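> Residue 317 in our numbering sits at position 323 of the sequence shown, and the numbers go up by one each step.
We put the CB at the ideal spot given by N, CA and C, even for glycine.
All figures in this text were calculated on a predicted structure; none of them were measured in a lab.
Structure below; questions to follow.
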Amino acid sequence: MIENLTIEQTSKLLNDKQASALEITDIYLKKINTAKKLNCFITVSEDKAIEAAKETDERISKNKKIGFLDGVPLAYKDLFCTNDILTTASSKILSNFTPTYESTVTANCKDQGAVVLGKLNCDEFAMGSTNKTSFYGPVINPWKSIDNEDELVPGGSSGGSAASVAADLCVASLGTDTGGSIRQPASFTGLVGLKPTYGRVSRWGTVAFASSLDQAGPIAKTVEDAAILLQTISGHDNKDSTSSIRSNENFYSNLDSSVKGLKIGVPKEYMSDDLPEEIQKFWNEGKKILTENGAELTEVSLPSTKTALPAYYIIAPAEASSNLSRYDGVKYGLRVKEKSLTEMYESTRSEGFGDEVKRRIMIGTYVLSSGYYDAYYIKAQKIRSIIKNDFDNVFKNVDALFTPATPNTAFPINREETDPVQNYLNDIFTVPANLAGLPAISIPFGLDNSGLPIGMQLITNSFQEQMLLNISKNLQDTINFNNRPTQWWK
Ligand code: GLN
């Protein structure tokens, strides 16, 4: 009975008193235990989960259930600070860090009665597209190709957030997306992943990677669940001055799947001969569905698309190098004891950070250094403005954009990697929305010839998440993707 539940279904089970929150939580804790091979969880917060489930049951017995999330087992990327629960950002440097405060997004879920099962593995400080940069080892994708037994990456950086939902170890999860880290893993695991408009969601208490790009968002099995989570975590927060003062919206109740009369743009710069045929096929199918369901499709141009990736890989490391300067062994986290203060800083940072994080810090400090600042950082910022202008122009004529989410499906964990740029190319379709601060979603469309999930992306104008969710629901209801990975990990 309690298999592959959505938030909506879990909530209904509880309302109908077909199961207690404690029973449901217990089942999930057991499932997590049998799926250690997937390496999704860094910390399982069993005691806290049981306590929260009991509180839900108490409320239900008094007819005081709070809402959809009450009693629903969720899990969070280990980038969200959780009071009294280890929070590592998948880094050795934070491997002993237990916050005494709660991030705003997880606090919002808690206030709605959600049960926190634990903290999910991710790329170190959210830098990566494979989950292989984690200090705690890679997450394994629950999906396997029908051609061989290779273990596949779940995507990254929110790899644990995606794999855990796909393997049904939690009902839904939260991730963060700086350049694609919610949408790419959602695409690799057959799930819905939504990156909100920059400012829609508070960043307070979320370990910072690149502050002008980072946004938290849901990874879920359905568009409805993504809507429920989005409205839970959204809204102004006095503790984050970049969070928007707009009032929150009821995305779930306002879901309306009609696309009649909507104009949807297909950017020609996203078309390429390198795009695998199967991805192209589903892209075409999506265009056909949208047209048949009453939308008007037009080709549009975003001329600066090809400059997005290089600009991102200057801006994100620049901000990261500044954000990560706080990890010096003094206030919190790892401290390697040395004779002098300078040696302590040096040894703490060189032992505490992994290779990819060091690479980003070095690139970041280089592009910010005097002499190179104008040539790299300022230039990248100018490109960022041009990219935003491109989007502003197309959104004068269309309501949404429709593109593939990723240029490939999940690949083997042990794929030979000679050049980090090979991984950076994973973000080619996702990064532009981050640079422009726009909301974007990946929704599952089908399987490739090897049986692996393919996701498509929708992008709308700022704060048009309702439209994003509505079009997604239209596609979801027409496609009816209901494939699940076959369980091999027990
Ligand atoms: N893969 C991208 C990177 O490595 C995006 C990461 C993210 O969105 N957190 O920077």
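Return the residue from the list Q375, I357, I26 and G346 that minimises the CA-CA distance to V159.
I26
> Across which residues does DSSP place I448 in a beta bridge pair?
G440
> Inspect the CB distances between the stretch 322 to 340 and the stretch 283 to 296 and report whether three or more fall short of 8 Å.
no
> Do L185 and I213 have their C-beta atoms closer together than 8 Å?
yes
> Report buried or exposed for Q470, applying the criterion of at least 16 other Cβ atoms within 10 angstroms of its Cβ.
It is buried - the Cβ of Q470 has at least 16 other Cβ atoms within 10 Å.
> Would L256 and A157 be called neighbours here (beta carbons separated by less than 8 Å)?
no
> Measure the alpha-carbon distance for S364 versus A101 and round it to whole angstroms.
41 Å
> In the DSSP output, which residue or residues are listed as bridge partners for E286?
In the DSSP assignment, no residue is bridged to E286.
> Assuming F245 contacts E459 (C-beta within less than 8 Å), just tell me the rounded distance between them.
6 Å
> Among D413, L419, A374 and G431, which residue has its Cα nearest to the Cα of D386?
G431
> Here's a check: name, in chain order, each residue in its chain whose Cβ is nearer than 6 Å to the Cβ of S155, leaving out the five neighbours to either side.
K71, L114, S167, G169 and I213
> If you draw a straight line from the C-alpha of D10 to the C-alpha of L63, how long is it?
15 Å
> Skipping 5 residues on each side, what residues in its chain have a beta carbon closer than 6 Å to that of F276?
F439, G440 and I448
> So, D141 versus T0, is the Cβ gap smaller than 8 Å?
no
> What do you reckon, are the CB atoms on Y306 and V425 nearer than 8 Å?
Using a Cβ distance threshold of 8 Å, Y306 and V425 count as a contacting pair.
> Any contact between the stretch 79 to 92 and the stretch 107 to 127? By contact I mean 3 or more CB pairs, one from each, below 8 Å.
yes
> Measuring only from the beta carbon, is D171 closer than 7 Å to any heavy atom that is part of the ligand GLN?
yes
> With a threshold of 7 Å (Cβ to nearest heavy atom), would A310 be considered close to the ligand GLN?
yes
> Taking the straight line between their C-alpha atoms, what separation do you get for E118 and T76?
Those two C-alpha atoms are separated by around 17 Å.
> Per DSSP, what kind of secondary structure is Y339 in: helix, strand or coil?
helix
> Flag this pair as yes or no: are the beta carbons of N468 and S252 separated by less than 8 Å?
yes
> Any idea if T400 is buried or exposed, counting beta-carbon neighbours within 10 angstroms, 16 or more meaning buried?
buried
> Exposed or buried, what is M356 when buried is set at 16 or more other beta-carbons lying within 10 Å of its beta-carbon?
exposed
> Using a Cβ-based criterion (distance less than 7 Å to any ligand heavy atom), does F385 qualify as near the ligand GLN?
No, Cβ of F385 sits at least 7 Å from all heavy atoms of the ligand GLN.
> Check for me: the beta strand (DSSP E) holding G169 runs from which residue to which?
A166 to D171
> Within 8 Å, do at least three Cβ pairs link the stretch 413 to 422 to the stretch 284 to 293?
Here the stretch 284 to 293 makes no contact with the stretch 413 to 422; the two share fewer than three CB pairs at distances below 8 Å.
> Counting Cβ pairs closer than 8 Å, one from the stretch 38 to 45 and one from the stretch 214 to 233, do we hit at least three?
no
> Measure the C-alpha to C-alpha separation of D351 and L303 and round it to an integer number of angstroms.
Reading off the sequence shown, one finds Val at residue 351, where the question assumed Asp. Spanning the alpha carbons of V351 and L303 requires a straight line of approximately 18 Å.
> According to DSSP, is A399 helix, strand or coil?
The three-state reading of DSSP puts A399 in coil, since its state is none of H, G, I, E or B.
> Using a threshold of 8 Å, state whether the C-beta atoms of T37 and G150 are closer than that.
no
> Using 7 Å as the cut-off, classify the Cβ of S123 as near or not near the heavy atoms of the ligand GLN, replying yes or no.
Yes, the ligand GLN has a heavy atom inside 7 Å of this Cβ.
> What do you reckon, is the C-beta of D421 under 7 Å from a heavy atom of the ligand GLN?
yes
> Quick one: any contact between the stretch 401 to 417 and the stretch 187 to 201, if contact means 3 or more CB pairs under 8 Å?
no
> Taking Cβ positions, are T92 and L80 nearer each other than 8 Å?
Pairing T92 with L80 gives a Cβ-Cβ distance under 8 Å.
> Can you give me the Cβ contacts of D51 inside the same chain, cut-off strictly under 7 Å, excluding the 5 residues immediately before and after it?
S14, A15 and L16
> Spatial neighbours of D268 within its chain, please: C-beta separation below 6 Å, excluding the five flanking residues on both sides.
Counting only Cβ-Cβ distances below 6 Å, and skipping sequence neighbours, we find nothing.
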